[in-house]
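Residue numbers (the numbering used here): 1 to 221.
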């Protein structure tokens, strides 16, 4: 279920510099241009700054952008991974020193939680094994339905692969738990791997205490 927020200052809770966003420029009822880019930042209750990809500049060179209605959508790096969406309009653009799009701060925005379960951000050593291959890395986040890993080396792991995961959390988890890869993304420090448990686990007191302690050590709470 989505919710609306009429406090424009709250948008900074969901919009973080560097997050990926989809920008839809509405030039007319049937004339729209969708740009996939990144959010740069904002000035409170005045304007938002969006990166303009160089490859899109030619498409915009003959367009009048000032006051064009614009729809922004993105997925926030919150515990529940909120989708955020709002309508606004263009103030102006610049091309130097970097191509940027300036948008009016929205008067309201809508959000919807993507994840059903709260995600705790951690920084725990982990060892992943698959067949005869062993990879070292870090647990970046954890929830009752899965976890996110950063492996130190890029590898050939693919989605729908079942792997073995060893960490200090293992003693709190069901002995028959299964770890299945649901996403694999390249990262400058290695490879991001999303893991889904075969069944959501029960967050017992001991596991919850360990998770909270590790989240505190990681500086996320």
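Here a beta-carbon is modelled for each residue, glycine too, at the ideal position from N, C-alpha and C.
All figures in this text were calculated on a predicted structure; none of them were measured in a lab.
Contacting residues, own chain, Cβ-Cβ under 6 Å from residue 53 (five flanking each side not counted): In the chain shown, residue 53 corresponds to position 53, counting from 1. Cβ neighbours of residue 53 beyond the five flanking positions: 37.
Cβ separation of residue 218 and residue 123, assumed to be a contact under 8 Å, to the nearest whole Å: Your numbering for residue 218 matches position 218 in the chain shown. Your numbering for residue 123 matches position 123 in the chain shown. With a Cβ gap of about 4 Å, residue 218 and residue 123 count as contacting.
Span of the alpha helix (DSSP H), counted from its first residue to its last, around residue 20: Locating residue 20 in the chain shown gives position 20, counting from the first residue. Not the alpha helix (DSSP H): residue 20 falls in the beta strand (DSSP E), residues 20-28.
Cβ pair residue 89, residue 73 closer than 8 Å: Locating residue 89 in the chain shown gives position 89, counting from the first residue. Locating residue 73 in the chain shown gives position 73, counting from the first residue. In this structure, residue 73 does not lie closer than 8 Å to residue 89 by Cβ.
Residue span of the beta strand (DSSP E) that contains residue 162, given as start and end: Here residue 162 refers to the residue found at position 162 when the chain shown is read from its first residue. Its beta strand (DSSP E) spans residues 162-166.
Whether residue 190 touches residue 151 by CB criterion (8 Å): Against the chain shown, residue 190 aligns to sequence position 190. Against the chain shown, residue 151 aligns to sequence position 151. Result yes, Cβ atoms of residue 190 and residue 151 sit closer than 8 Å.
N- and C-terminal bounds of the alpha helix (DSSP H) containing residue 216: Indexing the chain shown from 1 puts residue 216 at position 216. Counting along the chain, the alpha helix (DSSP H) containing residue 216 begins and ends at 205-217.
Where residue 27 falls, given that 16 or more other Cβ within 10 Å makes a residue buried: As a first step, residue 27 must be located in the chain shown, where it is residue number 27. By the Cβ-count criterion, residue 27 is exposed, with fewer than 16 other Cβ atoms from all chains shown falling within 10 Å of its own Cβ.
Sequence-distant residues of its chain with Cβ nearer than 6 Å to residue 180 (five each side left out): In the chain shown, residue 180 corresponds to position 180, counting from 1. For residue 180, where only same-chain residues beyond five positions count, the Cβ hits under 6 Å are 162, 196.
Counted within 10 angstroms of its Cβ, other Cβ atoms place residue 35 as buried (16 or more) or exposed: For the purposes of this step, residue 35 is identified with residue 35 of the chain shown, where counting begins at 1. Residue 35 should be labelled buried.
Enclosing beta strand (DSSP E) for residue 31 [first to last residue]: Walking along the chain shown from the start, residue 31 turns up at place 31. Taken as a continuous stretch (DSSP letters only), the beta strand (DSSP E) holding residue 31 covers 31-43.
Residue span of the beta strand (DSSP E) that contains residue 51, given as start and end: Residue 51 sits at position 51 when you count from the first residue of the chain shown. Per DSSP, residue 51 is one residue of the beta strand (DSSP E) stretching across 47-51.
Residue closest to residue 125, alpha-carbon to alpha-carbon, out of 24, 11, 214: Indexing the chain shown from 1 puts residue 125 at position 125. When 24, 11, 214 are compared, the shortest CA-CA separation from residue 125 is found for 214.
Residues sharing a beta bridge with residue 69, DSSP: Against the chain shown, residue 69 aligns to sequence position 69. Paired residue(s): 26, 89.
Beta-bridge partners of residue 129, as assigned by DSSP: Position 129 of the chain shown, counted from the start, is the residue given in the question as residue 129. Answer is 134, 164, bridged to residue 129.
Inter-residue spacing [alpha-carbon to alpha-carbon] between residue 48 and residue 171: Along the chain shown, read from residue 1 onward, the residue named residue 48 stands at position 48. Along the chain shown, read from residue 1 onward, the residue named residue 171 stands at position 171. About 46 Å.
Simplified DSSP assignment, three categories, for residue 1: Within the chain shown, residue 1 is the residue found at index 1, counting from 1. The predicted model places residue 1 with a pLDDT of 49, which falls under 50 and marks its position as unreliable, so this point remains unresolved.
Residue 13 - DSSP class collapsed to helix/strand/coil: Locating residue 13 in the chain shown gives position 13, counting from the first residue. In the structure shown, residue 13 sits in a helix (DSSP, three-state: H, G or I).
Test item: CB-CB of residue 85 and residue 68 under 8 Å: Locating residue 85 in the chain shown gives position 85, counting from the first residue. Locating residue 68 in the chain shown gives position 68, counting from the first residue. Cβ distance not < 8 Å, so residue 85 and residue 68 don't count as in contact.
Sequence-distant residues of the same chain with beta carbon closer than 6 Å to residue 130, five excluded per side: Locating residue 130 in the chain shown gives position 130, where the first residue counts as 1. So the qualifying residues of the chain are 163.
Which residues DSSP lists as bridging residue 124, in chain order: The residue labelled residue 124 in the question sits at position 124 within the chain shown. Bridge partners of residue 124: 139.
For residue 94, the three-state DSSP class (helix, strand or coil): Numbered from its first residue, the chain shown carries residue 94 at position 94. Reduced to three states, the DSSP call for residue 94 is strand.
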